Amino acid sequence: STIRARNSAGYGGCDFGILDSSAHQSIAVHETGATPLRRIFILGHSLGGYLLPRIALAAEPLGLAGFISLAGPTRSLEELILQQTNHLLSLAGDSLSAEEKKQLDELAGAVARIRALSETDKGSTTRILGAMPAYWLDLRGYDPAAAAKKVTQPMLFLQGGRDYQVTAEDLEGWKRALGDRADVGFRLFPRLNHLFFEGEGTITPLEYTQRHGSVALAVIEEIATFLGVGRGGKESPKPEKPS
12 STIRARNSAG
22 YGGCDFGILD
32 SSAHQSIAVH
42 ETGATPLRRI
52 FILGHSLGGY
62 LLPRIALAAE
72 PLGLAGFISL
82 AGPTRSLEEL
92 ILQQTNHLLS
102 LAGDSLSAEE
112 KKQLDELAGA
122 VARIRALSET
132 DKGSTTRILG
142 AMPAYWLDLR
152 GYDPAAAAKK
162 VTQPMLFLQG
172 GRDYQVTAED
182 LEGWKRALGD
192 RADVGFRLFP
202 RLNHLFFEGE
212 GTITPLEYTQ
222 RHGSVALAVI
232 EEIATFLGVG
242 RGGKESPKPE
252 KPS
(Lines of atoms letter the chains of each structure in order from A and count residues from 1; the text may use other names and numbers.)
(Lines give C-alpha, C1' and ligand atoms only; values in the text may rest on other atoms or scores of the structure.)
Protein backbone atom coordinates (compact mmCIF):
# COMPACT_ATOMS: atom_id res chain seq x y z
CA SER A 1 0.00 0.00 0.00
CA THR A 2 1.18 3.52 -0.79
CA ILE A 3 0.62 6.37 1.66
CA ARG A 4 1.20 9.98 0.63
CA ALA A 5 1.28 12.49 3.45
CA ARG A 6 0.73 16.16 2.71
CA ASN A 7 1.78 18.87 5.14
CA SER A 8 0.78 22.51 5.32
CA ALA A 9 3.23 24.84 7.00
CA GLY A 10 0.29 27.04 7.87
CA TYR A 11 -0.66 24.76 10.73
CA GLY A 12 0.48 25.56 14.24
CA GLY A 13 3.04 22.78 14.25
CA CYS A 14 4.23 19.75 12.35
CA ASP A 15 2.11 17.39 14.44
CA PHE A 16 -1.04 18.71 12.79
CA GLY A 17 0.24 18.05 9.28
CA ILE A 18 2.49 15.18 8.37
CA LEU A 19 2.27 13.23 11.64
CA ASP A 20 -1.51 13.06 11.90
CA SER A 21 -1.91 12.57 8.16
CA SER A 22 0.47 9.60 8.08
CA ALA A 23 -1.11 7.85 11.04
CA HIS A 24 -4.66 8.46 9.85
CA GLN A 25 -3.90 7.25 6.33
CA SER A 26 -2.28 4.11 7.73
CA ILE A 27 -5.43 3.38 9.68
CA ALA A 28 -7.57 4.16 6.64
CA VAL A 29 -5.63 1.68 4.50
CA HIS A 30 -5.93 -0.94 7.23
CA GLU A 31 -9.68 -0.40 7.60
CA THR A 32 -10.27 -1.20 3.93
CA GLY A 33 -9.45 -4.77 4.90
CA ALA A 34 -6.86 -5.05 2.14
CA THR A 35 -3.71 -4.55 4.21
CA PRO A 36 -3.01 -5.36 7.87
CA LEU A 37 -1.12 -2.72 9.82
CA ARG A 38 1.89 -5.00 10.25
CA ARG A 39 2.40 -4.87 6.46
CA ILE A 40 2.17 -1.11 6.02
CA PHE A 41 5.33 0.92 5.45
CA ILE A 42 5.59 4.71 5.50
CA LEU A 43 8.01 6.41 3.09
CA GLY A 44 9.04 10.02 3.56
CA HIS A 45 10.97 12.18 1.08
CA SER A 46 12.96 15.27 2.09
CA LEU A 47 10.84 16.98 4.79
CA GLY A 48 8.94 13.71 5.15
CA GLY A 49 12.25 11.92 5.69
CA TYR A 50 13.31 14.55 8.22
CA LEU A 51 10.15 13.94 10.22
CA LEU A 52 10.11 10.18 9.68
CA PRO A 53 11.41 9.26 13.18
CA ARG A 54 8.77 11.53 14.70
CA ILE A 55 6.12 9.94 12.49
CA ALA A 56 7.34 6.48 13.48
CA LEU A 57 7.17 7.24 17.20
CA ALA A 58 3.70 8.79 16.86
CA ALA A 59 2.52 5.71 14.96
CA GLU A 60 4.18 3.22 17.32
CA PRO A 61 0.86 1.93 18.76
CA LEU A 62 -0.20 0.92 15.24
CA GLY A 63 2.58 -1.65 14.90
CA LEU A 64 3.54 -0.71 11.34
CA ALA A 65 6.08 -2.76 9.37
CA GLY A 66 8.80 -0.18 8.83
CA PHE A 67 9.91 3.20 7.54
CA ILE A 68 11.82 4.46 4.49
CA SER A 69 13.57 7.82 4.22
CA LEU A 70 14.53 9.28 0.83
CA ALA A 71 16.85 12.29 1.10
CA GLY A 72 15.91 12.82 4.73
CA PRO A 73 18.08 15.45 6.45
CA THR A 74 19.48 15.14 9.95
CA ARG A 75 20.33 18.85 10.14
CA SER A 76 17.91 21.68 10.89
CA LEU A 77 15.84 23.14 8.07
CA GLU A 78 17.47 26.55 8.55
CA GLU A 79 20.91 25.03 8.13
CA LEU A 80 19.79 23.33 4.93
CA ILE A 81 18.40 26.60 3.58
CA LEU A 82 21.74 28.34 4.16
CA GLN A 83 23.62 25.44 2.58
CA GLN A 84 21.42 25.59 -0.52
CA THR A 85 21.89 29.35 -0.71
CA ASN A 86 25.67 28.98 -0.54
CA HIS A 87 25.55 26.33 -3.27
CA LEU A 88 23.61 28.63 -5.58
CA LEU A 89 26.01 31.49 -4.84
CA SER A 90 28.98 29.29 -5.70
CA LEU A 91 27.38 28.43 -9.05
CA ALA A 92 26.64 32.04 -9.93
CA GLY A 93 29.97 33.51 -8.91
CA ASP A 94 29.97 37.21 -9.83
CA SER A 95 27.17 36.83 -12.37
CA LEU A 96 24.27 37.34 -9.96
CA SER A 97 21.85 40.06 -10.96
CA ALA A 98 20.84 42.73 -8.46
CA GLU A 99 17.44 41.08 -8.11
CA GLU A 100 18.98 37.65 -7.44
CA LYS A 101 21.31 39.13 -4.82
CA LYS A 102 18.31 40.78 -3.18
CA GLN A 103 16.43 37.48 -3.07
CA LEU A 104 19.37 35.66 -1.51
CA ASP A 105 19.83 38.43 1.06
CA GLU A 106 16.14 38.16 1.94
CA LEU A 107 16.53 34.42 2.37
CA ALA A 108 19.46 34.87 4.74
CA GLY A 109 17.43 37.45 6.65
CA ALA A 110 14.52 35.04 6.96
CA VAL A 111 16.81 32.38 8.43
CA ALA A 112 18.09 34.93 10.95
CA ARG A 113 14.49 35.73 11.95
CA ILE A 114 13.74 32.02 12.40
CA ARG A 115 16.72 31.62 14.69
CA ALA A 116 15.69 34.67 16.70
CA LEU A 117 12.17 33.39 17.39
CA SER A 118 11.12 32.90 21.01
CA GLU A 119 8.11 31.34 22.70
CA THR A 120 6.46 34.76 22.80
CA ASP A 121 6.23 34.58 18.99
CA LYS A 122 4.26 31.34 19.03
CA GLY A 123 0.91 33.03 18.49
CA SER A 124 2.13 35.25 15.67
CA THR A 125 0.53 34.83 12.24
CA THR A 126 3.37 36.51 10.36
CA ARG A 127 4.83 33.84 8.13
CA ILE A 128 8.54 33.28 7.63
CA LEU A 129 9.42 31.39 4.46
CA GLY A 130 5.77 30.45 4.14
CA ALA A 131 5.41 29.00 7.63
CA MET A 132 4.01 30.31 10.90
CA PRO A 133 6.47 30.99 13.75
CA ALA A 134 4.81 28.15 15.70
CA TYR A 135 5.91 25.77 12.94
CA TRP A 136 9.56 26.76 13.29
CA LEU A 137 9.38 26.73 17.08
CA ASP A 138 7.83 23.26 16.96
CA LEU A 139 10.90 21.98 15.12
CA ARG A 140 13.39 23.67 17.43
CA GLY A 141 15.25 21.09 19.44
CA TYR A 142 14.07 18.25 17.21
CA ASP A 143 16.96 15.89 16.49
CA PRO A 144 15.93 13.37 13.80
CA ALA A 145 18.87 11.04 14.37
CA ALA A 146 18.34 10.94 18.14
CA ALA A 147 14.62 10.33 17.67
CA ALA A 148 15.37 7.51 15.22
CA LYS A 149 17.23 5.63 17.96
CA LYS A 150 13.88 5.15 19.72
CA VAL A 151 12.19 3.61 16.68
CA THR A 152 11.98 -0.18 17.00
CA GLN A 153 10.86 -1.09 13.46
CA PRO A 154 13.20 -1.66 10.48
CA MET A 155 14.29 1.49 8.63
CA LEU A 156 15.93 2.27 5.31
CA PHE A 157 17.77 5.50 4.44
CA LEU A 158 18.55 6.35 0.81
CA GLN A 159 20.46 9.38 -0.45
CA GLY A 160 21.51 10.82 -3.80
CA GLY A 161 25.15 11.85 -4.15
CA ARG A 162 24.34 14.79 -6.47
CA ASP A 163 21.72 16.24 -4.14
CA TYR A 164 22.61 19.79 -3.04
CA GLN A 165 19.44 20.24 -0.96
CA VAL A 166 20.10 17.29 1.34
CA THR A 167 23.58 15.80 1.13
CA ALA A 168 25.67 12.76 2.01
CA GLU A 169 26.50 14.58 5.26
CA ASP A 170 22.93 13.92 6.35
CA LEU A 171 23.18 10.22 5.47
CA GLU A 172 26.29 10.06 7.65
CA GLY A 173 24.21 11.53 10.47
CA TRP A 174 21.77 8.62 10.23
CA LYS A 175 24.68 6.16 10.09
CA ARG A 176 26.30 7.54 13.22
CA ALA A 177 23.05 7.11 15.12
CA LEU A 178 21.90 3.77 13.73
CA GLY A 179 24.91 2.10 12.11
CA ASP A 180 25.07 -0.68 14.69
CA ARG A 181 21.54 -1.94 13.97
CA ALA A 182 21.13 -4.95 11.67
CA ASP A 183 17.57 -3.97 10.74
CA VAL A 184 18.52 -0.52 9.42
CA GLY A 185 19.93 -0.05 5.92
CA PHE A 186 21.78 2.84 4.25
CA ARG A 187 22.57 3.45 0.60
CA LEU A 188 24.21 6.33 -1.24
CA PHE A 189 23.59 6.60 -4.99
CA PRO A 190 26.45 8.80 -6.31
CA ARG A 191 24.79 9.82 -9.60
CA LEU A 192 21.31 10.64 -8.31
CA ASN A 193 19.86 14.05 -7.45
CA HIS A 194 17.27 15.10 -4.86
CA LEU A 195 14.47 13.47 -6.87
CA PHE A 196 16.58 10.32 -7.31
CA PHE A 197 16.91 10.97 -11.04
CA GLU A 198 20.24 10.08 -12.63
CA GLY A 199 22.59 12.75 -13.98
CA GLU A 200 26.18 13.87 -14.30
CA GLY A 201 28.30 16.87 -13.43
CA THR A 202 27.55 19.87 -11.24
CA ILE A 203 23.87 20.13 -10.47
CA THR A 204 21.86 23.35 -10.82
CA PRO A 205 18.16 24.08 -10.23
CA LEU A 206 17.63 23.93 -14.01
CA GLU A 207 18.12 20.17 -13.84
CA TYR A 208 14.72 19.88 -12.17
CA THR A 209 12.88 22.06 -14.68
CA GLN A 210 14.55 21.35 -18.01
CA ARG A 211 15.23 17.64 -17.79
CA HIS A 212 12.70 14.86 -17.55
CA GLY A 213 13.48 11.78 -15.56
CA SER A 214 12.18 9.04 -13.34
CA VAL A 215 13.27 7.44 -10.10
CA ALA A 216 16.28 5.22 -10.78
CA LEU A 217 15.57 1.51 -11.02
CA ALA A 218 18.24 0.79 -8.40
CA VAL A 219 16.26 2.84 -5.86
CA ILE A 220 13.06 0.96 -6.62
CA GLU A 221 14.88 -2.35 -6.30
CA GLU A 222 16.43 -1.30 -2.98
CA ILE A 223 13.02 -0.39 -1.61
CA ALA A 224 11.46 -3.60 -2.95
CA THR A 225 14.11 -5.67 -1.20
CA PHE A 226 13.50 -3.80 2.04
CA LEU A 227 9.74 -4.36 1.79
CA GLY A 228 10.45 -8.07 1.58
CA VAL A 229 12.25 -7.84 4.92
CA GLY A 230 9.25 -6.39 6.72
CA ARG A 231 7.00 -9.11 5.32
CA GLY A 232 9.17 -11.87 6.66
CA GLY A 233 10.38 -12.94 3.23
CA LYS A 234 14.05 -12.01 3.47
CA GLU A 235 16.82 -11.44 5.95
CA SER A 236 17.11 -7.96 7.40
CA PRO A 237 19.37 -5.62 5.41
CA LYS A 238 22.90 -5.22 6.68
CA PRO A 239 23.65 -1.51 7.08
CA GLU A 240 26.71 0.10 5.63
CA LYS A 241 29.00 0.96 8.50
CA PRO A 242 29.80 4.62 9.11
CA SER A 243 33.09 5.61 7.55
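Numbering of the sequence shown is given in our numbering, commencing with residue 12 and proceeding in unit increments.
Note that beta-carbon positions come from the ideal geometry of N, C-alpha and C, so glycine has one too.
Source: prediction; values computed, not measured.
For this session: Mark Pro216 as exposed unless 16 or more other C-beta atoms lie within 10 angstroms of its C-beta, in which case mark it buried.
Result: Pro216 should be labelled exposed.
Exercise. What's the C-alpha gap between Thr137 and Arg192?
Worked result: Going by C-alpha positions, Thr137 is about 43 Å away from Arg192.
For this session: Answer yes or no: do Val162 and Pro84 have a C-beta to C-beta separation smaller than 8 Å?
Result: Taking a C-beta distance under 8 Å as the contact criterion, Val162 and Pro84 do not qualify as a contact pair.
Exercise. If we count the other Cβ atoms within 10 Å of its Cβ and call it buried at 16 or more, is Arg173 buried or exposed?
Worked result: If you draw a 10 Å sphere on the C-beta of Arg173, you find 16 or more other C-beta atoms in it, and that means buried.
For this session: Locate the beta strand (DSSP E) running through Leu100, then write down its first and last residues.
Result: Under the DSSP assignment, Leu100 falls outside any beta strand (DSSP E), being part of the alpha helix (DSSP H) whose first and last residues are 88-103.
Problem set entry | Where the beta strand (DSSP E) through Val195 begins and ends | Element bounds for Val195: 195-200.
For this session: Determine the direct distance from the alpha carbon of Pro144 to that of Lys133, and round the result to whole angstroms.
Result: Answer to the nearest angstrom: the Cα atoms are 6 Å apart.
For this session: Please name the residue or residues paired with Gly55 in a DSSP beta bridge.
Result: Per DSSP, Ser80.
Problem set entry | CB contact flag (Glu180, Arg126, <8 Å) | No, the pair does not count as a contact, with Cβ atoms beyond the cut-off.
For this session: Look at the alpha carbon of Ala235 and the alpha carbon of Phe168, and state the distance between them as a whole number of angstroms.
Result: Going by C-alpha positions, Ala235 is about 13 Å away from Phe168.
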